[in-house]
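Here the sequence shown is numbered in our numbering, starting from 50 and rising by one per residue. Note that the Cβ used here is the ideal one computed from N, Cα and C, for glycine as well.
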Amino acid sequence: MNAPHEAQTLATGDAPASATAADGRRDALLAGLAQILPDAAVLWKPEDTVPYECDGLAAYRQVPMAVALPDTEEQVCAILRLCHQLGVPVVPRGAGTSLSGGAMPIAEGLVLSLAKFKRILSVDPYARTAVVQPGVRNLAISDAAAPHNLYYAPDPSSQIACTIGGNVSENSGGVHCLKYGLTVHNVLRVRAVTMSGEVVVFGSEAPDAPGLDLLAVLIGSEGMLAVVTEVTVRLIPKPQLAQVIMACFDDVEKGGNAVADVIAAGIIPAGLEMMDKPATAAVEQFVHAGYDLDAAAILLCESDGTPEEVAEEIERMSAVLTASGCTRIVVSQNEAERLRFWSGRKNAFPAAGRISPDYYCMDGTIPRKHIGTLLKRIEAMEVKYGLRCINVFHAGDGNMHPLVLFDGGDQDEWHRAELFGADILETCVELGGTVTGEHGVGVEKLNSMCVQFSTAERDAFFGVKAAFDPARLLNPDKAIPTLARCAEYGKMHVKKGLLPHPELPRF
């Protein structure tokens with residue numbers, strides 16, 4: 050890595066004015082960054098910037114103009130002020146585990162990596178809070194709180210790698226979010242920097258802070274409103290006991306309906322997950338979780354609390370599951386068996402990678418009562434698109450994770466996989482759901498947003514964006530589709546002789 054100020058201005062010759070302007074902006078950016086950061090914290094040579102060309106959604110790639118790696122909030126403020134002055138787009142990045150292209154760079158933009166912000170600033174066992182920097186891994190928070198018999202509840206499957214800053218940006222959930230909530234329910238306060246370089250504090254450790262709830266606006270905003278520099282999270286006591294039921298079904302629709310039956314009975318399990326037969330087969334080869342490979346679908350239903358509470362809830366859940374058509378029930382008898390059951394669910398994505406060259410993961414969310422219906426629709430889509438799909442999902446809140454299996458080296462399969470995924474998301478909207486539950490929109494689901502939201506709703510989103518970032522420089526062209534894009538998407542997708550959103554002008 051060379052010092053940025055050593056970068057030489059390229060000879061432009063007869064280059065177009067736009068190219069000359071871009072080169073001038075690049076040189077000004079590198080010169081400005083050299084005044085803010087040490088040489089090693091600014092990457093601009095191709096061999097250094099290529100590793101940042103994509104996030105976990107590797108299908109979409111773009112090498113950035115440069116990458117900055119600050120380690121103080123003051124540096125973040127200075128970098129954003131510089132980019133604001135120069136009109137350079139900025140894409141914040143955590144661990145790069147996003148599955149929606151939320152951290153995909155802009156060609157003439159800067160990637161602002163928060164990888165060096167990885168300190169746990171404090172753990173307060175009395176207030177049951179932790180103050181951490183955005184680059185701290187999700188699981189590391191629970192590790193730090195463990196000596197106090199506390200932990201951080203949201204637990205995405207990528208918790209060993211994903212960062213709390215990314216969790217805030219995407220409003221991440223996890224297998225225990227049904228009982229303990231999403232990121233937005235477990236974050237008390239966020240310190241962040243706007244595109245103009247101003248530090249803003251959202252939320253408070255005190256309850257019922259006055260004013261508009263801008264903390265809830267920031268969480269899930271996909272890095273478009275401000276760059277997170279500090280997060281205060283809520284910690285909760287570890288339960289005395291936790292046990293998991295593995296409930297087996299001979300039909301996926303019965304399994305899906307059982308989810309709604311459990312919640313309707315007034316039971317809120319600590320975790321309620323579902324996997325179909327292709328998913329359990331893939332997982333069992335990988336982690337040997339002890340799943341029933343003859344079952345068409347399994348539910349993992351966890352109860353936690355005191356031993357008396359757990360025993361009573363396990364009995365109630367077992368009765369409901371049996372009445373819903375469950376053919377076999379296995380209850381974990383010790384902590385090792387409980388963790389083994391969960392290891393299969395948490396390793397479902399890498400297991401899919403072992404049986405297919407590539408997979409495309411959706412995260413549409415639907416009302417629980419329609420889980421069985423969606424699974425049947427997906428079975429029909431497998432035939433329609435000629436591709437396999439395995440299903441794992443947060444059944445308790447209807448957050449579906451179909452994994453469409455395909456070969457990325459085959460352009461036709463890639464195209465069919467994209468159509469398959471879009472069909473799933475449109476079906477989620479049709480069933481009263483949404484196109485994303487926790488992975489975010491990013492660049493992946495921009496077209497699907499045209500299906501779910503009206504022009505007026507999207508204009509409202511842009512209005513919020515403009516209030517924080519009038520120049521639209523912070524993570525631009527993500528999450529909110531433009532009117533022109535939705536009109537073009539509508540032209541391409543005529544169903545049953547009807548265009549979606551007929552009120553849109555067709556260009």
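Within 7 angstroms, strictly: CB atoms of residue i and residue j
i, j, result
"G151", "A164", "no"
"S191", "Y175", "no"
"P203", "T178", "no"
"V484", "K494", "yes"
"D300", "A345", "yes"
"V280", "N524", "no"
"L452", "C410", "yes"
"A528", "V490", "yes"
"T146", "A210", "yes"
"C126", "G246", "yes"
"L237", "R186", "no"
"H450", "D412", "yes"
"F251", "L263", "yes"
"I213", "V249", "no"
"T109", "V492", "Checking the sequence shown, residue 109 turns out to be Tyr, not Thr. Yes, the Cβ-Cβ distance between Y109 and V492 is below 7 angstroms."
"S149", "H488", "yes"
Own chain residues within Cβ distance below 7 angstroms of residue i, not counting five before or after
i, result
"K228", "I317, P318, A319"
"K425", "E302"
"N198", "P286, K287"
"R387", "A291, Q292, V293, S381"
With 16 other Cβ atoms within 10 Å as the buried cut-off, status of residue i
i, result
"Q460", "exposed"
"R36", "This structure cannot speak to residue 36, because the chain is shown only from 50 to 556."
"G470", "buried"
"D518", "buried"
"I268", "buried"
"H337", "exposed"
"N220", "buried"
"F511", "exposed"
"K94", "exposed"
"S503", "exposed"
"P100", "exposed"
"K326", "buried"
"A52", "Model confidence at A52 stands at a pLDDT of 40, short of 50, so the residue's coordinates are unreliable and nothing is read from them."
"K433", "exposed"
"G81", "buried"
"L118", "buried"
"Q124", "buried"
"N383", "exposed"
"H225", "buried"
"A443", "One detail in the question is off: residue 443 reads as His in this sequence, not Ala. With 16 or more other Cβ atoms within 10 Å, it is buried."
"K458", "Rather than Lys, the amino acid found at residue 458 in this sequence is Gly. Exposed, because fewer than 16 other Cβ atoms sit within 10 Å of the Cβ of G458."
"D508", "exposed"
Chain-order list of residues whose beta-carbon lies under 8 angstroms from that of residue i (same chain, five-residue window excluded)
i, result
"L78", "M114, A115, L131, C132, L135, V137, L159"
"R576", "Nothing can be reported for residue 576, as the shown portion of the chain is limited to 50 through 556."
"L480", "I415, P416, H419, T422, L423"
"I363", "Q292, I294, S352, V380"
"L342", "K326, T329, A330, E333"
"E462", "L436, F455, D456"
"E55", "In this predicted model, E55 has a pLDDT of only 37, less than 50, meaning its place in the structure is not dependable; the value taken from the coordinates is given anyway. Closer than 8 angstroms at Cβ, skipping near neighbours: no residue."
"S392", "V336, A338"
"A265", "V233"
"P399", "F335"
Check: residue i C-beta below 6 angstroms from any heavy atom of the ligand SAH
i, result
"M153", "No copy of the ligand SAH appears in this structure; indeed no ligand is present at all."
6 angstroms CB neighbourhood of residue i in its chain, flanking five on each side removed
i, result
"R75", "M114"
"G172", "Here the sequence assigns Val to residue 172, which means Gly is not the residue at that position. If we look at V172 and ignore the five residues flanking it on each side, its Cβ neighbours are A179, A193, A194."
"K395", "S206"
"R142", "A152, V160, S162"
"N496", "Y538"
"A314", "V369"
"E475", "V500"
"M324", "I347, V441"
"L563", "There is no way to answer for residue 563, as the model of the chain reaches only from 50 to 556."
"K545", "For K545, the predicted model reports a pLDDT of 46, less than 50, meaning its position is unreliable and no value from the coordinates is stated."
"D446", "L227"
"S218", "E271, G272"
Next on the checklist: Below 8 angstroms, how does it come out for the stretch 256-273 and the stretch 304-313: are there three or more Cβ pairs, yes or no?
Outcome noted: With a cut-off of 8 angstroms, the stretch 304-313 and the stretch 256-273 do not count as touching, because too few Cβ pairs lie within range.
Item to check | Segments assigned alpha helix (DSSP H), at least 4 residues, entirely inside the stretch 191-242 | outcome: Within the stretch 191-242, the complete alpha helix (DSSP H) segments of 4 residues or longer fall at 213-219, 226-229, listed in chain order.
Checklist entry - Between the stretch 231-246 and the stretch 274-288, do three or more beta carbon pairs fall short of 8 angstroms? => result Counting Cβ pairs under 8 angstroms, three or more are found: they touch.
Checklist entry - Counting only runs that start and end within the stretch 373-445, where is the beta strand (DSSP E) found for 3 or more residues in a row? => result DSSP runs (the beta strand (DSSP E)) wholly in the stretch 373-445: 377-380, 407-410, 438-443.
Item to check | Ordered list of beta strand (DSSP E) runs contained in the stretch 124-178, each at least 3 residues | outcome: As far as the stretch 124-178 is concerned, its whole beta strand (DSSP E) runs of at least 3 residues are 139-142, 159-162, 169-173.
Checklist entry - In chain order, which continuous runs of the beta strand (DSSP E) of length 3 or greater are located wholly inside the stretch 293-336? => result Fully enclosed beta strand (DSSP E) runs of 3 or longer: 320-325.
Next on the checklist: Please give me, in chain order, every unbroken run of the beta strand (DSSP E) with length at least 3 that falls completely inside the stretch 443-486.
Outcome noted: The stretch 443-486 contains these whole beta strand (DSSP E) runs: 448-455.
Item to check | Completely contained alpha helix (DSSP H) runs for the stretch 488-529, where each covers 4 or more residues | outcome: 495-501, 504-517, all fully within the stretch 488-529.
Item to check | Secondary structure, beta strand (DSSP E): runs of 3+ residues fully inside the stretch 58-121 | outcome: Every beta strand (DSSP E) of 3 residues or more that sits fully in the stretch 58-121 is shown, in chain order, as 115-117.
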